[in-house]
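Novice:
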Amino acid sequence: MASPKHPGSPGWMGPRAQCMAGTKQEASATGADLPRPGPEGHLEAHSSPSSNSSMTTRELQDYWRTEKRCWKRVKLLFEISSARIEERKVSKFVMYQIVVIQTGSFDSNKAVLERRYSDFEALQKSLLKTFREEIEDVVFPKKHLMGNFSEEMISERKLAFKEYLSLLYAIRCVRRSREFIDFLTRPELKEAFGCLRAGQYTKALDILVRVVPLQEKLTTHCPAMLVPPLCAMLVCHRDLERPAEAFAAGERALQCLQAREGHRYYAPLLDAMIRLAYTLGKDFVSLQERLEESQHRKPTPLGFTLKELTVREYLY
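Structure, rendered in structure tokens:
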């Protein structure tokens, strides 16, 4: 017979609720702690485990293995492989196909995305606000009043945009900036999270599977930026009744968080993983203990569930 202490029990409220019994509720759906949409708030430096961390030997080994991978810079190559003219009712523009490949080894997860001139222009204007001196020697392709759709102009801009992205990526502070990362990933992530909110889980997964590998390559300096999309993958797989795939996505997200117990996704993610582990017949006790120990060290009020967090990402 199921016990209230087991994640599969109807009355199980989770270790967070048990730890916080009698504690005043501090968070509300409209409170100041409402998570900000998109990757804002995820750019904080990747911190080492604290002195009072309860990480096991294996977890520490995984942590330092990840750290060493971060020290080795991932080098990316940008290509503008093709371009097409798109006509709409009130506009006509050229879409440039960008291919991003990791150099130095075979890359089975090359990223393919499309951006138009106005997207590149918005990136340039955004970067000038913060990195004007750093990018003063980077030439941005000029806008022309006529001839934008000629084969000659399109070919010229393909080469120019390839050079532009390569030069930006060569500047450390720029390639790590939110502006640069958003340019390459935000439109796809926004679409994926929109599908998640609409309950279109299969479509959301199709997009996330393509964009997450690129985001991973762009954020080796801050793996925590991967947590929201990985948690979105967990939610999609779980709601599609694919617990094994959901658990695998959650493990990746936990690895990105490591010992960052204060991260807003930490407790909701562990809570979801406990339930999945119980469903799959895996060891849920160690996950439950990990969450309880975290709550004892730094009690936090019962907040959002994992799904409630993810649906609030990339709203704007």
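By the count of the numbering used here, the sequence shown reaches residue 317 at its end, each step adding exactly one.
The C-beta atom is built at its ideal place from N, Cα and C for all residues, glycine as well.
Since we're looking at a predicted model, the values are computed, not measured.
Residues in the same chain with beta-carbon distance under 6 Å from K204, minus the five sequence neighbours each way, listed in chain order, please.
Specialist: C196
Novice: Going by CA-CA distance only, name the one from L255, V210 and H238 that's closest to S109.
Specialist: V210
Novice: Would you give the residue range spanned by the alpha helix (DSSP H) that K283 belongs to?
Specialist: Counting along the chain, K283 falls outside any alpha helix (DSSP H), and DSSP gives it neither H nor E.
Novice: Mind checking who M96 pairs with in its DSSP beta bridge?
Specialist: M96 is bridged by DSSP to R85 and R117.
Novice: Just to confirm, is the Cβ distance from K159 to V236 under 8 Å?
Specialist: no
Novice: Distance, Cα to Cα, E157 vs I81?
Specialist: 11 Å
Novice: Assuming the contact rule is C-beta atoms closer than 8 Å, Q125 and F141 should be a hit. Round their C-beta distance to whole Å, please.
Specialist: 5 Å
Novice: Which value, in whole angstroms, describes the spacing of the CA atoms of E262 and L292?
Specialist: 9 Å
Novice: So is H238 buried or exposed if we call it buried at 16+ other beta carbons inside 10 Å?
Specialist: buried
Novice: Distance, Cα to Cα, K93 vs L169?
Specialist: 28 Å
Novice: Since P142 is in the alpha helix (DSSP H), which residue starts that stretch and which ends it?
Specialist: Neither: P142 is in no alpha helix (DSSP H) and is coded neither H nor E.
Novice: Under three-state DSSP, which class holds L209?
Specialist: In this structure, L209 counts as helix in the three-state DSSP scheme.
Novice: Would the C-beta of H264 count as close to the ligand COA, meaning under 7 Å from any of its heavy atoms?
Specialist: Because no ligand of any kind appears in the structure shown, any question about the ligand COA cannot be addressed here.
Novice: Let me confirm a value: D207 is counted as buried when at least 16 other C-beta atoms fall within 10 Å, else exposed. Which label applies?
Specialist: By the Cβ-count criterion, D207 is exposed, with fewer than 16 other Cβ atoms from all chains shown falling within 10 Å of its own Cβ.
Novice: Smallest Cα separation from R117: which of V101, V312, I102 and Y97?
Specialist: Y97
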